[in-house]
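Worksheet: the structure to be examined is printed underneath.
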Ligand SMILES: Nc1ncnc2c1ncn2[C@@H]1O[C@H](COP(=O)(O)OP(=O)(O)OP(=O)(O)O)[C@@H](O)[C@H]1O
Ligand SMILES: Nc1ncnc2c1ncn2[C@@H]1O[C@H](COP(=O)(O)OP(=O)(O)OP(=O)(O)O)[C@@H](O)[C@H]1O
Ligand SMILES: [Mg+2]
Ligand SMILES: [Mg+2]
């Protein structure tokens, strides 16, 4: 729900010296700033994780996201001028965020990077990194598809020029070792996405695998495969109730699960600990959250969790 | 024409009379695009291929026709795309979380859509603000509502499970089923699209309401002066668009059985593009429903044709842009030829 | 006015004369939005907060002013947003992959931008197609080029490393640096924005070119008839917009030292929104550069104010939409009051 | 209607025409015998922003009578018309219809009360065809319920006949109005107003763009409408057009009334000279040194 | 210019005026003594889609001479004007300027050759102020190089003076043209064309929306322009306006020429009756039973 105005709480003072006293419960005020527009299925789970953690620890979290690095960096600047007690940033485009993150670090605000950007995290002065880059997840998906016997893969990009999606496809290319073709669709228009995937399958019958990067597109891909009578296997990133059901029915092979809930939960935990107790987990080494895979074997267990938005 | 020919009329062949219709230019554009892709890809011109590119053209076409009416009436609606998502979300949430039968859920969604259309129209008519801005406001607000309410009610950004709701099979058959024809499955939505186009054409050309639509778009002040109820006409147009959004939203929700909170986002311009390719003037007062439908076909063909032709995905939008420009140019050339200097 | 007062002139106070200016309504809108957020968030009204929301307003403002000129001249440019990305990409790729010095790379990008603007203008003027469609075509094509070329040359969808290029520090200081003022860092881009606004206002109000811009937007046929070079004026306007896109693209590239292939996408409508909030008519012939700048400020304040106020991101667009509607309504009410029945 | 008719009317309408015009109001100014005028303005004024377009104008329109409004450019004639036809409410003064204060929200309301207007800046939609424009707002339909549709054939026929009877031969009633000549457009607008003949017909400079022949036709129309018992308000610059049909003459100057004259009180010459610059054209001919050449062939 | 002047001109211009009009072309039709006409059309025609708007029309415009074009509504007058002013190229026939075939790409080219036009559907931008409209396309500037800017003060002053000298007092030259009355707008357009007085001045029904006074002013302007040696093309429906200033009278009917008459060949009465419906107004007055009442007070 709506968090209370942070303008007032910002006065809690610079948190650079998190009082060497006993861990004070609560009172933290953290900003989570990601590179995805709100409403994105993957990042929504991250948000849920962060908010659940906030509730647990009695801190406030404000979640913001924008795919445009310029606007993302402005959001970081805003958090700095609001004197947040900690900032969580996903770094799809580290170069662009360097300056703003530097500003936050200079202002003594602890920063934790999540998802992508593990290799630059320490350089920028973040206290730790949670999650791993999209390439790793993509590579995992590629390997899974290879194991399923896919030789020619169609990687469906639902947002042209999105860095994260591009990295997933690149990773899949590496993991698969075969041919990967790309297709661009619009996630806002699933009917169109379906028929585009179908068109590709119709005109190139040698394609025997489809990798969707979003659960809604996965459903479209499944329909397209069914419509055209193609025998292509479908893999996807991220979960939804429909995707889990489809996995159970054997219509979708697997879903890559980065357990991104943790990418929301853990940083808030770490920041709370840092604020209250100056802890840094693992001495700043990256904490991996995945990748996990949801397949027919374990789909039943996660079905409900996916429905409620924590997986 | 029973009157004797005027000596000041040069031979006005049927051909020229036809060419003057706003949509005939679009037909030529469509033929050009079809011929181009048919020569590049065999699948494109196969029955299955046609069924394929007619599928997205159908939902786009329904919206494009409604938007065309609105544009002829001199207004825009940027909220129509998101509204397809809103109606779908309402239907799915009511049917799956509150146990409504699908027809009831759909009626509730229709009522909500009409309310949005009514408010759009009312604000535009009352405040005199450009509809571009007003519906941009509703667009943004609906986008927020779609996401906020869905999250609040379900904890996720998409809701599904419509398949298990009461009355699903019948509703799906009526709106989202398929019809086998010539060995390929055509979507029922194509029939709805044809129906909407025919109805809109009838209203535009053959009823008083159609006359009023042209008039309020052509010159609102003048139309008011001769007693056309301009305000009511515009509000009705906004509600028509909202109704079309409901139809499309329902078709998609029934077909995919789940709806994302950001469904329909970004489609609003595609509708306008289709209407403009089909010969609608952005300034209002001119255009046709059939034209908008053909615009939707052109857009659908170009969009899918590139995929059929197997061109590089990175360059997709480049080809799409070039296609659109060429189609509109072809359209324009034909119109120029037909109208000559008429400005 | 040296002429004796006409008995048919009711007292026309300075106030009323001021209120008739297109931008004064926007000023009231801006004051309303500012007061609203200033009362909700202390940071918003602090110097650091102001520096914060002036930052996005500056780049948006530069574009909004250029787009306002174009809209006064009766045309749209949907390719302007993507063009900021294109110019940034050209600069970065030339400077980092081909070892050009930054000023040279920027000049090359400027040349490319002006070419795009020129082509946009030429096609619009020559074919008579609506600029909405033509620039939509260029928009899509540029989008494809940005992605296709970037991928082809670098293998990824973003290029970075500008920091290491020759001449980086000077270029950055001039375009993307900061100026300390009252304890907060203000972006140099704000100065550029003020400069562009002042220049555009001067051109519009005080030069022949400005007269022509109003004329071609107000009634192109009439303008041509009295000998205004309408074609050249429009082409120049498209090139001005392209030039502004280059300026903004360079500012952003230098500031972030990297550019994504989808940079600027979707911004084109934000520019138009800012211009319309600032009092530009969508139909052309009316508007002001200062108004567009204030529109950019309103948009920037609403956009950042919602974050400062700490409202839920899910509802962000809802609040943004409501804000825009209210600001334009406030704007409208003031104008109504000032103009009364003038239609 | 003949001269004797007219005298009879004049006798009925003895009540003073307004307030300050009372003295000038002529006993000869006609009326149909109904004491209550169809339309009446009392001291009406209208300001646009800082511009006073009309100030304290009073007049009356009776059934079966033609009220001519004369005045220079910018005198406020069109503004007066717009008040009468419900486009603008007056800023000051009262506007009565059938003796009761009128509160029109727009021209539609006025139309519903039987007040039809042909505007100077023609209320026509350029992109629409002639017949659609002609019937705009009062389209003939056939069928019923959801099948109610335009009777296009009847509409086309009617338009062609109406226009022909007015001496205009439009080539093609499907032609967009925007492609008609200035005068043709004006003629269509008038033919429309006459066809839908209401109780009051307001015409703003209907004859200015018309050739002599068409102008004559319009004047005849006006006379016919008057004879049918309509009240007509006729605005013109041309005293030669006003005189043959007018019953009262309201003169405006710079937004204010210069008085209202009954037909009996004024001759054509007087009217012409009242209009300022009266016989100026004759004068001009001499001045320009262009006397009639001797009649030759 | 006096009658004797005119006779002298007539004597010079003895060449047949066109082809089929040769017989009718009058020896009295004036010219300034230059044998080559400023403008000449030879058998010009123009078709719009299926509409033949103009067919085989020939005429000439000489310096120091006023050519009046008369004709009914839709006769093709505005179309002829648009050919002369470079808006449309003729579909058939030839159009010569200074004896050489003209190839105008647009009105700008015509303007550059000194052909200025006031269109019937006024070339004015409603949203722009009066002074900006007035100087549109020929703005006065001061300063040089990048500092070259509008001389707004001078422009305002000039406009105010020009308009006042024409007898129009606009309240405020900063007012948008869209808020002017129909006649005021027309006056500004004419004042503009006259101010930028070119070699040829083309006026399409300039007097139709004007009051008697303003019409007189415009006619005087026309005469003055002619006396300055300009060629003037003057379109009007009103023979009373045409006769005092015209040297030649081109009559159009349904797109075709009905002949061109010199001033000496025709009297005002003949012209009026040629215009079809000539003394019809007089006739109408009688017909409507509205003879002049006995002159009373
Ligand atoms: N662009 C066009 N398209 C089609 N028809 C046209 C066009 N322009 C003019 N016409 C037709 O050509 C004919 C001549 O028109 P024009 O405007 O020249 O007449 P006019 O003599 O100026 O009449 P008026 O005195 O009424 O202004 C008209 O009947 C008109 O319908
Ligand atoms: N909407 C408006 N805003 C400002 N001024 C206006 C407006 N409408 C009319 N005026 C002014 O009011 C005055 C009267 O205008 P109106 O149109 O009534 O004159 P008119 O008598 O019809 O003149 P004409 O014979 O030239 O048509 C004009 O000077 C005009 O400038
Ligand atoms: Mg008027
Ligand atoms: Mg004409």
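Protein chains in written order, with the numbering used here: chain A, -12 to 298; chain B, -19 to 323; chain C, -19 to 323; chain D, 14 to 310; chain E, 14 to 310.
Built from N, CA and C at the ideal position, the CB exists for glycine as well.
It should be emphasised that the depicted structure is a prediction, and the values quoted were computed from it without experimental measurement.
query	result
Does the beta carbon of residue 96(E) come closer than 8 Å to any beta carbon on chain C?	no
In terms of residue numbering, what span does the alpha helix (DSSP H) encompassing residue 100(B) cover?	82 to 107
Leaving out the 5 sequence neighbours to the left and right, which residues in its chain are closer than 6 Å to residue 238(A) when beta-carbon positions are compared?	209
Who are residue 81(E)'s beta bridge partners in DSSP?	247(E) and 262(E)
Can you tell me where the alpha helix (DSSP H) with residue 208(D) in it begins and where it stops?	195 to 208
Would you report the Cα separation of residue 270(E) and residue 264(E), rounded to the nearest angstrom?	6 Å
Could you run through the stretch 277 to 289 of chain B and flag, in chain order, every residue whose CB is less than 9 Å away from some CB of chain C?	none
Count the CB pairs spanning the stretch 268 to 277 of chain A and the stretch 111 to 123 of chain A that are closer than 8 Å, and state whether there are at least three.	yes
Look up residue 16(A) in the DSSP assignment and give the residues it is bridged to.	47(A)
Within 7 Å: the Cβ of residue 200(C) and any heavy atom of ligand 4?	no
Name the two residues that bound the continuous alpha helix (DSSP H) containing residue 233(D).	225 to 240
At 3 residues or longer, what runs of the beta strand (DSSP E) sit wholly inside the stretch 108 to 191 of chain C?	158 to 161 and 164 to 167
With respect to the beta strand (DSSP E) encompassing residue 198(A), which residues constitute its N-terminal and C-terminal limits?	196 to 199
Can the beta-carbon of residue 289(B) be found closer than 8 Å to that of residue 17(B)?	yes
Beta-carbon of residue 212(E) versus every beta-carbon of chain C: anything under 8 Å?	no
Confirm the yes/no value for this check: CB of residue 217(D), any heavy atom of ligand 3, distance under 7 Å.	yes
Could you work out which residues of chain C lie near residue 36(B), taking near to mean beta carbons separated by less than 7 Å?	Correct list: empty, because the minimum Cβ distance to chain C is about 17 Å.
When Cβ atoms are compared, which residues of the stretch 196 to 209 of chain B fall closer than 7 Å to chain D?	198, 199, 202, 203, 204, 205, 206, 207, 208 and 209
Between the stretch 64 to 76 of chain B and the stretch 259 to 274 of chain B, can you find at least three pairs of beta-carbon atoms closer than 8 Å?	no
Counting contacts by CB-CB distance shorter than 8 Å, is residue 105(C) in contact with chain B?	no
Please classify residue 163(C): is it buried, with 16 or more other beta-carbons within 10 angstroms of its beta-carbon, or exposed?	exposed
According to DSSP, what are the bridge partners of residue 53(E)?	73(E) and 109(E)
Do residue 34(C) and residue 257(C) count as a contact pair if the criterion is CB distance below 8 Å?	no
Using the Cα positions of residue 256(E) and residue 54(E), report the straight-line distance between them to the nearest angstrom.	23 Å
CB-CB under 6 Å to residue 25(A), same chain, minus the five flanking residues each way: which ones, in chain order?	52
What's the gap between the Cα of residue 22(A) and the Cα of residue 130(C)?	20 Å
Return yes when the C-beta of residue 84(D) is under 7 Å from any heavy atom of ligand 3, and no when it is not.	no
Report the option in 223(B), 189(B), 174(B) and 245(B) whose CA atom is closest to the CA atom of residue 272(B).	174(B)
Residue -16(C) to residue 173(E), Cα distance in whole Å?	Bear in mind that a pLDDT of 45 at residue -16(C), under 50, signals an unreliable position, so the number given afterwards is only what the model happens to contain. Rounded to the nearest angstrom, the two C-alpha atoms are 12 Å apart.
Contact criterion: CB-CB distance below 8 Å. Does residue 289(E) meet it with respect to chain D?	Here residue 289(E) scores only 48 on pLDDT, less than 50, and its place in the model is too uncertain to base an answer on.
Using a Cβ cut-off of 7 Å, pull out every chain C residue sitting near residue 132(E), in sequence order please.	205
Is it buried or exposed, residue 149(B), if we count other Cβ atoms within 10 angstroms and call 16 or more buried?	exposed
Would residue 82(A) count as contacting chain C if we go by Cβ distances under 8 Å?	yes
For residue 56(A), would you say it is in contact with chain C, using Cβ-to-Cβ distances shorter than 8 Å as the test?	yes
Name, going along the chain, the residues of the stretch 49 to 76 of chain C whose beta-carbon falls closer than 8 Å to a beta-carbon of chain A.	none
Does the structure place the stretch 67 to 77 of chain E close enough to the stretch 209 to 224 of chain D that three or more beta carbon pairs sit under 8 Å?	no
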